[in-house]
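Participant: Numbering-wise, the sequence shown is residues 1 to 307 according to the UniProt record's numbering.
Don't be surprised by glycine CBs; every beta carbon is placed ideally from N, CA and C.
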Amino acid sequence: MLQVRKDLMVEIGVTGDAGAGKSSFINAIRGLDDDADGAAPVDVIECTKEPTSFNHPKNPKIKFWDLPGIGTPMYPDLETYRDKVQLGKYHTFLIFSSSRFTENDIILAKEIKKQGKSFFFIRTKIDENVRAEKRKKSFSEAAMLQKFRRNCMENLVDEAGKPICSEDHIFLISNHHPGKWDFGRLTRAILDALPRLCDDDYGAAPVDIVDCAKAPTCYNYPADPNIKFWELPGIENPYFTDLETYRYKVQLDKYDTFDLTLMMTSAQVVETSVTTTDNSPSQDYTHPDDQTIPSHVTLGFKPFTAL
């Protein structure tokens with residue numbers, strides 16, 4: 001079951017060239033025909049003049065934003081497009097492309113990566129490509145699809161020639177055949193990405209497949225201002241190669257208790273504070289609501305919980 005934090009609206013920007021199939025995809029994933037009531041407008045000319053939101057069919061906290069096509073008279077260049085459609089407001093993007101790879105495709109991909117956002121790259125109208133290529137005696141659908149994927153990977157690179165998109169984030173679909181090619185994989189990938197997108201909420205601790213914590217970072221506990229969580233970097237990485245270095249750099253002695261995250265890249269510690277006067281002795285303080293610390297912990301030792 002898809003679960004999204006109650007106070008977080010996940011905003012997915014659906015972008016790309018005009019006529020690439022953005023609006024048709026929004027209709028297809030919502031199970032609507034293009035001329036149904038409530039469907040995103042679809043026509044042979046550009047219909048989308050302003051960003052328009054549509055709810056995910058199973059969760060109203062998830063919104064697809066149908067963005068105008070880039071390269072149209074109203075949005076002739078990246079600077080105009082970025083400012084008018086407010087690219088920075090969306091959590092992640094679906095970049096749609098049809099036919100041949102265009103300059104706008106790579107411009108959008110690079111801009112989104114520059115903003116620190118993720119994207120899926122979707123090559124649409126595969127049914128039309130299959131129909132056209134079938135007229136060749138040497139036609140192989142598998143070879144054609146692989147050629148499309150390779151073309152996307154060759155073009156989705158930065159100035160140094162390094163890939164800015166992994167191959168599993170490239171999808172070949174037809175909006176008119178949601179049961180074929182990568183359409184089903186795309187719908188599942190969107191849902192699978194949501195827990196990570198929730199972690200990307202403003203003020204959240206950074207989460208990635210590589211260790212994000214390079215220095216101790218403090219986060220307030222929402223229920224008690226006297227409690228602070230300190231996210232510590234992972235041990236045995238290039239910055240903290242051994243226990244002695246780690247203990248000195250992250251100042252392990254300053255924290256009152258620890259949560260040890262096993263098989264992960266970082267550990268959390270809890271610093272608790274009390275109001276003291278200048279002549280008050282230093283004291284250990286355990287929050288009364290904390291049921292994880294055993295009562296028999298010997299004074300002077302730091303309690304910890306393994307997660």
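Could you tell me the distance, in whole angstroms, from the CA atom of D34 to the CA atom of A40?
Facilitator: D34 and A40: Cα-Cα distance of roughly 7 angstroms.
Participant: Is it true that the segment 132-143 meets the segment 105-124, where meeting means three or more beta-carbon pairs spaced less than 8 angstroms apart?
Facilitator: Taking 8 angstroms as the limit for Cβ pairs, the verdict is that the segment 105-124 does not touch the segment 132-143.
Participant: If I follow the unbroken beta strand (DSSP E) through E11, where does it start and stop?
Facilitator: Segment V10 to G16, the beta strand (DSSP E) holding E11.
Participant: Taking the continuous alpha helix (DSSP H) assigned at F25, which residues delimit it?
Facilitator: That run of the alpha helix (DSSP H) goes K22 to I29.
Participant: Rounded to whole angstroms, what's the CA-CA distance from F93 to D253? Just pull it up for me.
Facilitator: The alpha-carbon atoms of F93 and D253 are separated by roughly 43 angstroms.
Participant: Okay, do the segment 49-63 and the segment 112-130 touch, 3+ Cβ pairs below 8 angstroms being the bar?
Facilitator: At 8 angstroms Cβ cutoff, the stretches do not touch.
Participant: Compare the C-alpha of N42 against each of G19, I70, Q146 and N151 and name the closest.
Facilitator: What sits at residue 42 in the sequence shown is Val, not Asn. Nearest option by C-alpha distance: G19.
Participant: Going by the CB atoms, is the gap between I122 and I173 shorter than 8 angstroms?
Facilitator: Contact: yes.
Participant: Please list the terminal residues of the continuous beta strand (DSSP E) segment that includes N55.
Facilitator: From DSSP, the beta strand (DSSP E) with N55 extends over T52 to N55.
Participant: Is the beta carbon of I26 sitting closer than 8 angstroms to the one on K63?
Facilitator: No.
Participant: Going by beta carbon distance, what residues of the same chain come within less than 8 angstroms of residue 372, once the five residues before and after it are set aside?
Facilitator: Because the chain spans 1 through 307 in this model, residue 372 falls outside it and cannot be assessed.
Participant: So, under 8 angstroms CB-CB, F258 and K249 are touching, yes? Tell me the CB distance rounded to an integer number of Å.
Facilitator: Not quite, the Cβ-Cβ distance comes to about 16 angstroms (not below 8 angstroms), so this is no contact.
Participant: Quick check on F183: does DSSP put it in helix, strand or coil?
Facilitator: If DSSP states are grouped into helix, strand and coil, F183 belongs with the helices.
Participant: For my contact list, G16 and G69 are in at a C-beta cut-off of 8 angstroms; report their separation, rounded to the angstrom.
Facilitator: The Cβ separation is near 7 angstroms, so the contact holds.
Participant: Report the option in I170, A28 and E167 whose CA atom is closest to the CA atom of H177.
Facilitator: The residue with the shortest Cα to Cα distance from H177 is A28.
Participant: In chain order, what residues of the same chain have a beta carbon less than 8 angstroms from the beta carbon of I164, not counting five sequence neighbours either side?
Facilitator: Within the same chain, I164 has close Cβ partners A109, K110, K113, L156, V157 and D158.
Participant: In whole angstroms, what separates the C-alpha of E167 from that of M153?
Facilitator: Answer to the nearest angstrom: the Cα atoms are 7 angstroms apart.
Participant: How far does the alpha helix (DSSP H) with D83 in it extend, from its first residue to its last?
Facilitator: Start and end: L78 to V85.
Participant: Quick one: grab the DSSP three-state call for G19.
Facilitator: If DSSP states are grouped into helix, strand and coil, G19 belongs with coil.
Participant: Cα-Cα, which of F183, H169 and D83 is closest to G31?
Facilitator: Among F183, H169 and D83, the Cα nearest to that of G31 is on F183.
Participant: Measuring CA to CA, which of T124, M9, A215 and R247 is closest to P60?
Facilitator: Nearest option by C-alpha distance: M9.
Participant: Closest to R100 by C-alpha separation, out of N151, D37 and A143, would be which residue?
Facilitator: Looking at the Cα atoms, N151 is the closest of the given residues.
Participant: Please identify the residue among Q251, T245 and D242 whose C-alpha is closest to the C-alpha of E231.
Facilitator: The shortest C-alpha separation from E231 is found at Q251.
Participant: Pull the bridge partners of F101 from the DSSP assignment, please.
Facilitator: The partner list for F101 (beta bridge, DSSP) is empty, contrary to what the question assumes.
Participant: Can you give the beta carbon distance from F96 to T124, rounded, assuming they're within the 8 angstroms contact cut?
Facilitator: So it is a contact: roughly 6 angstroms between Cβ atoms.
Participant: Tell me the DSSP secondary structure of Y246 in three-state form.
Facilitator: Of the three classes helix, strand and coil, the one that applies to Y246 here is helix, per DSSP.
Participant: Would you mind reading off the limits of the alpha helix (DSSP H) that contains D127?
Facilitator: D127 -> alpha helix (DSSP H) spans I126 to E133.
Participant: With a 10 Å radius around its C-beta and 16 neighbouring C-beta atoms as the bar for buried, classify G21 as buried or exposed.
Facilitator: With 16 or more other Cβ atoms within 10 Å, it is buried.
Participant: Can you grab the Cα-Cα spacing for the pair E103 / A143, in whole Å?
Facilitator: Between E103 and A143, the C-alpha separation is close to 25 angstroms.
Participant: Should D83 go down as buried or exposed, given a rule of 16 or more other Cβ atoms within 10 Å for buried?
Facilitator: Classification for D83: exposed.
Participant: State the beta-bridge partners of Y75 as determined by DSSP.
Facilitator: BP columns for Y75 point to T72.
Participant: With DSSP as the reference, label L145 as helix, strand or coil.
Facilitator: L145: helix per DSSP, three-state reduction.
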